[in-house]
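Chemist: My structure is below; once you've seen it, I'll send some questions.
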Amino acid sequence: MTSRMLGIGFLSPAIISVCIFFLLPVLLTVVFAFTNMSTSTGIMGGDYRINTEQLRSLPDLDVSEATVERLETAGFQITEAGLTALADQFSKDTAEELREDYLGETFESRRDLERVLKDLDEPIRRTRDRKEAADLFAVTLIGERFGTEEEFRAALGTTGIDAVDHDVLTEFAYTGWTWTTDNFSLLMELPSTLRYAANTAFYVVATLTFNILFGLFLAISTFYLPGRLANTFRAIWFLPRILPPVLYVLMWNWFTWDNGFIATVMGWFGVPAKNWMMHTSTHAWTAIVLINGFVGASLGMILFSSAIKAIPTSMLYASEVDGANRWQQVRYIILPQMRWPILFMTSYQTLSLLTSFEYILLATDGGPGRSTEVWALAAFHTALNNYGGNLQYGFGAAYALVLVFIGIALSVAYLRFFNFKELLSKPRIEQ
Amino acid sequence: MELRLENFTKRFGDVTVIENMDLTVNSGEMMALLGPSGCGKSTTLFAICGIHKMNGGALYFGDRDVTTVSAQGRSVGVVFQNYALYPHMTAEQNIGFPLKVQRMPKAEIRREVERLADLVQIGNLLDRRPAELSGGQQQRVALARAMIRKPDVLLLDEPLANLDAKLRLEMRSEIRRIQRETGITAILVTHDQVEAMSMCDRIALMRDGKIVQLDTPEQMYRNPQSQFVAGFLGNPPISFLPARADASLTLANGQTIERPPGLEAMGDVVLGIRPEHFGPQHGTGLKGKVVFVEPQGREELVDVRLDGGGDIRSILPAGDPIRPGETVDWGIAPGTILAFGPNGDRL
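If you want it as structure tokens, here you go:
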């Protein structure tokens, strides 16, 4: 019992980390994906308000024109607030007289109010001024803030707007976030969805192929080099992995800029200077595959190297006296025994490539245009770094949720495929 | 095919493992490279098959100088101690691999594999992988793979070391049978004298990178050239007794025995007496006390401490009621005493 408690005690930092850094984000992603949260809605809820700018989009919601007109000017009422404004802008005496005689009175139309203003003992004489003064008493919902739905509906009631439109307007006026599945239907509708999916597939397949093949090439070629030379080469190829990503990509940027290394060298041969990373989408993809590929290949190199070293020397000797040349030795003896490391590397890297976008973000940021925008980067851009400034947390979370499901599905598939117990039981490479 | 190694020298870094070694293996002969571990026997084998480069000397397969030829270019078959079968291939693919890398047509490979499988008697196991084969079966597959190219030389590196006692006995005669049937020139590397003596036509006994004696098994046992050879061969091992030679042989403990005929040396010598040559059936002459009896079923191994010092071993048929502590007076078979000088050379 005590030892069990002790075990849980020792595990607790890991359990807490998993909960905070893995389970909680996944949970929040699920929650956010079913909301329309964005910068404009905030994440804390909201109030009810309709702005002048929003009026224009009202007819789209099948709201009658009369309603729109009503919204704009429901009528005029002599209020304390209006009187204070009048006292400031025009004269105190006029305001005082108006308060005494008309406080609380309402007028159906502007003309009625204007006539009252004209007929005062201290009248407002100029027609233009009267118009402005009348506006101070206009009763309208526009620009006014209501804390709760009840208040807004009550206000709607006073304007005499047709009751059929109340629900639509209430929903329209709400500035906070609501639960919705619109994010997913939007994902299905947008043509960019397919584009990002295709980009992601291309990115994963191309990078993975490069990773595995180049990693294998490095592992096998260094295997045949003398020890110290091999270690030197491995250390050099390992540099991209131990370099901070920002620094690493920055070096690539310098390398490819229009006055960078490639441009300069190509300039000697008369090639006009250009940005070798962002010139076309082909350039961008090449750069991205190489940037990610070198990092991935270095990991593959280490894993594959150790796998090759695990092949008993006598087996390699045997193949030599059996008459196999180097190529046949690689093809028939080494590669077949690398099956498990290669499969492991493939599955591991598929998952990490699907979700990682930092190198693309730093290198091309999805450009030129959106040609290298992959799914994870789209999620990031939508939710956290939008060009328009309106960060769509909900929509971004929907993007991310799709990725979470693909990742879980792939993980389960890989685990079944690898038969994890068998993998853990004993090294496959021994006979 | 005859194999000739001339002035063979092998160095690893600054360490010279073998210096100027000469060795000739006759065509169709099975030669044992026997010696304690570290004597250079495996190094010699690796040099012959081309895995290790030679630092000096020359190697001939028949008339062909293969000194600088790569392992792939030499026609050798090697059976490794752990068999070194390819785990991802079936027995058939393993055996056929040397032909596959020569791009031989599949049907022909198939035919050759079946021929070899019949020779090593594993025709029914061809579609199994090494992991599904027993040690002895793996050994047969390895043997078939080594022989399928009809190599000039067959090299066997401790081929029986990984087998249990019973299988070892079986494979010993199997390997010898196959070697005889095919008439292939073979070299067996082993540290086990029984293997070397039972399987090979001749034995090259090595020590510290040198061949100390090259002879037939019988000659080497009966007529060792040095104290080392006498001590290495024979199980249970020979007993050595220091003695002084003048008119008779006076042992260090004071007992005397007759000079064997033909021994001319005088002065300090070491006498070698094999256990089967010492016992009650050879009369009397050496007095002592039995200190240890080790029954071995058919025989009994008896250790006798001689009066005045010195141990001598005897092997007797089982059934004699000999107990530790018994005093004995046993003789030595005439003409079997081996005498060695102070430097270990045979006198």
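In order, the protein sequences belong to chains S and F.
Position 314, counted from 1, in the first sequence is what UniProt numbering calls 314; the numbers after and before it change by one each time, with no gaps.
Position 211, counted from 1, in the second sequence is what UniProt numbering calls 211; the numbers after and before it change by one each time, with no gaps.
Beta carbons: idealized from backbone N, C-alpha and C, even for Gly.
(1) What residues match up with residue 30 of chain F in a beta bridge as DSSP calls it?
(2) For residue 429 of chain S, is the classification buried or exposed, using 16 other Cβ atoms within 10 angstroms of its Cβ as the cut-off for buried?
(3) Residue 232 of chain S lies in the alpha helix (DSSP H); which residues open and close that run?
(4) Quick check on residue 338 of chain F: does DSSP put it in helix, strand or coil?
(5) Entirely within the region 179 to 248 of chain F and at least 3 residues each: give me those beta strand (DSSP E) ranges in chain order.
(6) So, is the C-beta of residue 203 of chain S closer than 8 Å to a C-beta in chain F?
(7) Can you give the Cα-Cα distance for residue 85 of chain S and residue 96 of chain S, rounded to whole angstroms?
(8) Using only alpha-carbon positions, find the residue among F/74, F/45 and F/192 that is nearest to residue 165 of chain F.
(9) Rounded to whole angstroms, how far is the Cβ of residue 379 of chain S from the Cβ of residue 399 of chain S, which I believe are closer than 8 Å?
(10) When DSSP labels each residue in this structure, what does residue 430 of chain S get in the three-state scheme?
(11) Can you check which of these residues, S/157, S/179 and S/180, is closest to residue 169 of chain S by C-alpha distance?
(12) Cα-Cα, which of F/213, F/267 and F/258 is closest to residue 333 of chain F?
(13) Are the beta-carbon atoms of residue 378 of chain F and residue 304 of chain F separated by less than 8 Å?
(14) Opposite residue 375 of chain F in the DSSP bridges: which residues?
(15) So for residue 163 of chain F, helix, strand or coil by DSSP?
(16) Please report how far the alpha carbon of residue 5 of chain S lies from the alpha carbon of residue 13 of chain S, in whole angstroms.
(17) For residue 102 of chain F, which residues in chain S fall below 9 Å Cβ to Cβ?
(18) Who are the neighbours of residue 149 of chain F on chain S, taking C-beta pairs under 9 Å?
(19) List the residues of chain S whose Cβ lies closer than 8 Å to the Cβ of residue 84 of chain F, in chain order.
(20) Please specify which runs of the beta strand (DSSP E), each continuous and at least 3 residues long, are wholly inside the region 47 to 79 of chain F, giving them in chain order.
(21) Could you name the residues of chain S that residue 98 of chain F contacts, counting a contact when the two beta carbons are closer than 7 Å?
(22) Considering only the alpha carbon of each residue, which of S/296, S/341 and S/283 lies closest to residue 309 of chain S?
(23) In three-state terms, what does DSSP make of residue 280 of chain F?
(24) For residue 415 of chain S, does the count of other Cβ atoms within 10 angstroms reach 16, so buried, or fall short, so exposed?
(25) Using a Cβ-Cβ cut-off of 6 Å (strictly less than) and excluding sequence neighbours within five positions of residue 294 of chain F, which residues of its own chain qualify?
(26) For chain F, is any of its Cβ atoms less than 8 Å away from the one on residue 333 of chain S?
(27) Check the DSSP bridge columns for residue 106 of chain S and list the partner residues they point to.
(28) Just to confirm, is the Cβ distance from residue 218 of chain F to residue 189 of chain F under 8 Å?
(29) Where does residue 126 of chain S land, buried or exposed, given buried means 16+ other C-beta within 10 angstroms?
(30) In terms of residue numbering, what span does the beta strand (DSSP E) encompassing residue 272 of chain F cover?
(31) Would you verify that the beta carbon of residue 213 of chain F is, or is not, closer than 8 Å to some beta carbon of chain S?
(32) Within 10 Å of its beta-carbon, does residue 130 of chain F have 16 or more other beta-carbons around it, so buried, or fewer, so exposed?
(33) Thinking residue 357 of chain S and residue 377 of chain S are a contact (beta carbons under 8 Å), I'd like their distance in whole angstroms, please.
(34) For chain F, check one thing: does any of its Cβ atoms lie closer than 8 Å to the Cβ of residue 431 of chain S?
(35) Once you ignore the five residues that flank residue 54 of chain S on each side, which residues in its own chain have a CB closer than 6 Å to its CB?
(36) Roughly how many angstroms separate the alpha carbons of residue 307 of chain F and residue 253 of chain F, rounded to a whole number?
Modeler: Reading it off the structure:
(1) Locating residue 30 of chain F in the second sequence gives position 30, counting from the first residue. F/186, per the DSSP bridge assignment.
(2) Looking up residue 429 of chain S in the first sequence gives position 429. With a pLDDT of 48 at residue 429 of chain S, under the threshold of 50, the predicted position of this residue should be treated as unreliable, and no value is reported.
(3) Taking the first residue of the first sequence as position 1, residue 232 of chain S is located at position 232. Looking at the DSSP string, the run of the alpha helix (DSSP H) that includes residue 232 of chain S is 227 to 242.
(4) As a first step, residue 338 of chain F is located in the second sequence; it is residue number 338 there, counting from the start. In the structure shown, residue 338 of chain F sits in a strand (DSSP, three-state: E or B).
(5) 185 to 190, 202 to 207, 210 to 215 and 239 to 245
(6) Start at 1 with the first residue of the first sequence, and residue 203 of chain S comes out as number 203. No, because no Cβ of chain F sits closer than 8 Å to the Cβ of residue 203 of chain S.
(7) On the first sequence, residue 85 of chain S is found 85 positions in, with the first residue counted as 1. On the first sequence, residue 96 of chain S is found 96 positions in, with the first residue counted as 1. About 12 Å.
(8) Residue mapping note: residue 165 of chain F aligns to position 165 of the second sequence, counting from 1. Out of F/74, F/45 and F/192, F/192 has the C-alpha closest to the C-alpha of residue 165 of chain F.
(9) As a working note, residue 379 of chain S is residue 379 in the first sequence. As a working note, residue 399 of chain S is residue 399 in the first sequence. Residue 379 of chain S to residue 399 of chain S, Cβ: 4 Å. Contact.
(10) Looking up residue 430 of chain S in the first sequence gives position 430. Because residue 430 of chain S carries a pLDDT of 43, less than 50, the predicted location of this residue cannot be relied on, and the following value inherits that uncertainty. It is coil, neither helix nor strand.
(11) As a first step, residue 169 of chain S must be located in the first sequence, where it is residue number 169. With distances taken between Cα atoms, residue 169 of chain S lies closest to S/157.
(12) Taking the second sequence and counting its residues from 1, one reaches residue 333 of chain F at position 333. Per the Cα distances, F/258.
(13) This structure cannot settle anything about residue 378 of chain F, because the visible part of chain F is limited to 1 through 347.
(14) Examination of residue 375 of chain F is not possible in this model, given that chain F is present from 1 through 347 alone.
(15) One-based indexing of the second sequence puts residue 163 of chain F at position 163. If DSSP states are grouped into helix, strand and coil, residue 163 of chain F belongs with coil.
(16) Here residue 5 of chain S refers to the residue found at position 5 when the first sequence is read from its first residue. Here residue 13 of chain S refers to the residue found at position 13 when the first sequence is read from its first residue. If you take the alpha carbons of residue 5 of chain S and residue 13 of chain S, they lie about 14 Å apart.
(17) Within the second sequence, residue 102 of chain F is the residue found at index 102, counting from 1. Chain S residues near residue 102 of chain F: 323.
(18) Here residue 149 of chain F refers to the residue found at position 149 of the second sequence. Around residue 149 of chain F, the beta-carbon contacts reaching into chain S at under 9 Å are 322 and 323.
(19) As a first step, residue 84 of chain F must be located in the second sequence, where it is residue number 84. 312, 314, 315, 317 and 318, listed in chain order.
(20) 56 to 61 and 76 to 79
(21) Walking along the second sequence from the start, residue 98 of chain F turns up at place 98. Identification of chain S residues near residue 98 of chain F by a Cβ-Cβ cut-off of 7 Å yields 322 and 323, ordered along the chain.
(22) The sequence position of residue 309 of chain S within the first sequence is 309, counting from 1. Taking only the C-alpha atoms, the option nearest residue 309 of chain S is S/341.
(23) If you number the second sequence from 1, residue 280 of chain F lands on position 280. Three-state result, residue 280 of chain F: helix.
(24) One-based indexing of the first sequence puts residue 415 of chain S at position 415. Exposed, by the Cβ-count rule.
(25) For the purposes of this step, residue 294 of chain F is taken as residue 294 along the second sequence, with counting starting at 1. Closer than 6 Å at Cβ, skipping near neighbours: 301.
(26) In the first sequence, the residue the question calls residue 333 of chain S occupies position 333. Chain F has a Cβ within less than 8 Å of the Cβ of residue 333 of chain S.
(27) Taking the first sequence and counting its residues from 1, the one referred to as residue 106 of chain S is at position 106. Per DSSP, S/77.
(28) As a working mapping, residue 218 of chain F is identified with position 218 in the second sequence. As a working mapping, residue 189 of chain F is identified with position 189 in the second sequence. Cβ atoms of residue 218 of chain F and residue 189 of chain F: not closer than 8 Å.
(29) Start at 1 with the first residue of the first sequence, and residue 126 of chain S comes out as number 126. Burial call: exposed.
(30) Indexing the second sequence from 1 puts residue 272 of chain F at position 272. Looking at the DSSP string, the run of the beta strand (DSSP E) that includes residue 272 of chain F is 267 to 273.
(31) Locating residue 213 of chain F in the second sequence gives position 213, counting from the first residue. No, its Cβ sits nowhere closer than 8 Å to a Cβ of chain S.
(32) For this step, residue 130 of chain F is matched to residue 130 along the second sequence. The residue is buried, with at least 16 neighbouring Cβ atoms inside 10 Å.
(33) Numbered from 1 along the first sequence, position 357 holds the residue referred to as residue 357 of chain S. Numbered from 1 along the first sequence, position 377 holds the residue referred to as residue 377 of chain S. Between residue 377 of chain S and residue 357 of chain S the Cβ distance is about 4 Å, and since that is below 8 Å, they are a contact.
(34) The residue labelled residue 431 of chain S in the question sits at position 431 within the first sequence. Because the pLDDT of residue 431 of chain S is 41, which lies under 50, any placement of that residue in the model is unreliable, and the question is left without a value.
(35) Walking along the first sequence from the start, residue 54 of chain S turns up at place 54. Excluding residues within five positions, none has a Cβ falling inside 6 Å.
(36) Residue 307 of chain F sits at position 307 when you count from the first residue of the second sequence. Residue 253 of chain F sits at position 253 when you count from the first residue of the second sequence. Distance between the alpha carbons of residue 307 of chain F and residue 253 of chain F is about 7 Å.
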